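Numbering (this note's numbering) for the sequence shown: 19 to 287.
We put the CB at the ideal spot given by N, CA and C, even for glycine.
Note that the structure is a prediction, hence the values are computed from the model and not measured.
To keep things clear, I will list the structure first and then write my remarks on it.
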Amino acid sequence: MKTKPYLLLPFAGMLFYACNNQTNHPQADLVNQSSPIPETEQSILQYADSIDTQQSNMEKKVSLIYQLEGFSLYVEKLSWNGKPALYIEHTGDQGFTDRSARYYFKADSLLLVRESIKRTKEQETVFEEKRTYLRNNTPFRQERRLAVSFSSLQTKPFTDVKPSGKIEDYTEKLALLNDALAGQNKFETVFDQYMPAPEGQYLLLKSKVPGGYSSSLLVKEEDALIDSIKQYPSLFKDAKLQLKWEISEKEAIYVPVAAKTTSASGLNR
Numbered sequence: 019m020k021t022k023p024y025l026l027l028p029f030a031g032m033l034f035y036a037c038n039n040q041t042n043h044p045q046a047d048l049v050n051q052s053s054p055i056p057e058t059e060q061s062i063l064q065y066a067d068s069i070d071t072q073q074s075n076m077e078k079k080v081s082l083i084y085q086l087e088g089f090s091l092y093v094e095k096l097s098w099n100g101k102p103a104l105y106i107e108h109t110g111d112q113g114f115t116d117r118s119a120r121y122y123f124k125a126d127s128l129l130l131v132r133e134s135i136k137r138t139k140e141q142e143t144v145f146e147e148k149r150t151y152l153r154n155n156t157p158f159r160q161e162r163r164l165a166v167s168f169s170s171l172q173t174k175p176f177t178d179v180k181p182s183g184k185i186e187d188y189t190e191k192l193a194l195l196n197d198a199l200a201g202q203n204k205f206e207t208v209f210d211q212y213m214p215a216p217e218g219q220y221l222l223l224k225s226k227v228p229g230g231y232s233s234s235l236l237v238k239e240e241d242a243l244i245d246s247i248k249q250y251p252s253l254f255k256d257a258k259l260q261l262k263w264e265i266s267e268k269e270a271i272y273v274p275v276a277a278k279t280t281s282a283s284g285l286n287r
C-alpha cells in the first residue's frame, strides 16, 4: 500500500528557511516567556525565525496521517517547557493541492501564520506563500507572493493582501489541530483490519464516528500486539488500540512496544 501522491509535499520543507536577520541568541526569547510579545512585522518574523532555529531542541508530538474523501492531514506540535511554540499543519488533496501551514505562538498568543501552497491544475503549477500577522490573536496584516516555480518564488517580494470575505477563525482551526494530535472527535479511530500488501503490512484504522477520518500504519517490525492481531483479528475489531508511531517520508510507521509488554496492553476497549 504505497503512500498516496497527495501525501507527498516535496517542496514544503524547502520553503521555510532561516532569515538573514535572525537574533544573535534566538533561544533567549523562547526561554523568557515573560518578555514582551513581538508586535511589529519585523519583530514577529524574527521571533518566528528563532523558533525555526530551535525546533530540534523542542518537545515534539505528531499525529497520525488522516484521510477523508481524498483529503489528507497530519499535524506536528513543538513545545518549549510545556508551552506550545509551533504547530505545523500538512494537508493534501489528491495531488492537486499541497499545503503546509506553520502557526507560531508565544505565551499562548498566536503571532504569525506562514502558509506554503502548491497548486496543480491542467498541468500548470502555481507556488504561493502567505504570511498573516496577528496581534492579540487578531490578524492585522496579510501578504503573499506567487510564482510558477519555486526558484522564481524566492526572488519575488511579498505584496499586501486586502481582506476579502470572512477572516479565518484560527480558534476553530487550532481546535481541529489539537483534535488530530489527541486522536479525538472526528479523528478518533478504531481497528478495522490488518492487511498484507506487496510493499508491506498495514494496520488499517477506521473512524469511530460517522463522517470521521481514517488512517493506516505501515508495520515494518512485528511485536506481541501485531502477532495477536494477525492471529485473532476479530478480538480487536472496532477496538481502540494504544499505538505508537513515527512519520517518515509522509507515512506513519508503527513503532513496536517493548518485548516485555503483552498484547493485551495494546487494547483499550
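Beta carbon of residue i, beta carbon of residue j: below 8 Å?
i: Ser12; j: Tyr84; result: In the structure displayed, the chain extends from 19 to 287; residue 12 sits before or after that span and is not available.
i: Glu57; j: Arg132; result: no
i: Phe209; j: Leu259; result: yes
i: Ser138; j: Val166; result: Going by the sequence as given, residue 138 is Thr instead of Ser. Their beta carbons are not under 8 Å apart, which means Thr138 does not touch Val166 by this criterion.
i: Phe123; j: Thr109; result: no
i: Leu130; j: Tyr231; result: no
i: Ile62; j: Tyr151; result: yes
i: Leu236; j: Leu261; result: no
i: Glu161; j: Val179; result: yes
Which residue wins for smallest C-alpha separation from residue i, given the options the options?
i: Asp116; options: Phe145, Glu94, Ala193; result: Phe145
i: Tyr105; options: Asp111, Leu194, Ser61; result: Leu194
i: Lys78; options: Ile62, Gly100, Gln202, Tyr65; result: Gly100
i: Gly118; options: Lys255, Lys148, Gly218, Ala125; result: Inspection of the sequence shows that residue 118 is occupied by Ser rather than by Gly. The candidate whose alpha carbon is nearest that of Ser118 is Lys148.
i: Leu243; options: Leu63, Glu161, Ser74, Tyr272; result: Tyr272
i: Glu140; options: Glu161, Gln160, Phe158, Phe114; result: Phe114
i: Arg159; options: Gln60, Gly201, Trp263, Glu264; result: Gln60
Leaving out five residues on either side along the sequence, give the residues of the same chain with a beta carbon under 6 Å from the beta carbon of residue i.
i: Leu171; result: Phe145, Ala165
i: Ser81; result: Tyr92, Val93, Ala198, Leu199
i: Asp256; result: Val208
i: Ala66; result: Tyr122, Leu130
i: Ile135; result: Arg117, Glu146
i: Arg163; result: Glu147, Lys174, Phe176
i: Gly218; result: Leu236
Using the Cβ count rule (16 or more neighbours within 10 Å means buried), how would you classify residue i?
i: Lys174; result: exposed
i: Glu107; result: buried
i: Glu240; result: exposed
i: Thr156; result: exposed
i: Ser68; result: buried
i: Ala270; result: buried
i: Lys95; result: buried
For residue i, which residues in the same chain have their Cβ closer than 7 Å to its Cβ, ignoring the five residues on either side in sequence?
i: Ser97; result: Met76, Glu77, Ala103
i: Ser169; result: none
i: His43; result: Interpretation of His43 is limited by its pLDDT of 45, a score under 50 that renders its predicted location unreliable; no figure is taken from the coordinates.
i: Pro251; result: Gln211, Tyr212
i: Asn203; result: Asp197
i: Trp263; result: Leu82, Leu235, Ala270, Ile271, Tyr272, Val273
Who are the Cβ neighbours of residue i in its own chain at under 8 Å, not counting the five residues just before and after it?
i: Leu192; result: Tyr105, Tyr121, Leu128
i: Asp126; result: Lys101, Pro102
Segment contact flag, the segment 185 to 196 with the segment 219 to 236, C-beta cutoff 8 Å, min 3 pairs: With fewer than three CB-CB distances shorter than 8 Å, the segment 185 to 196 does not count as touching the segment 219 to 236.
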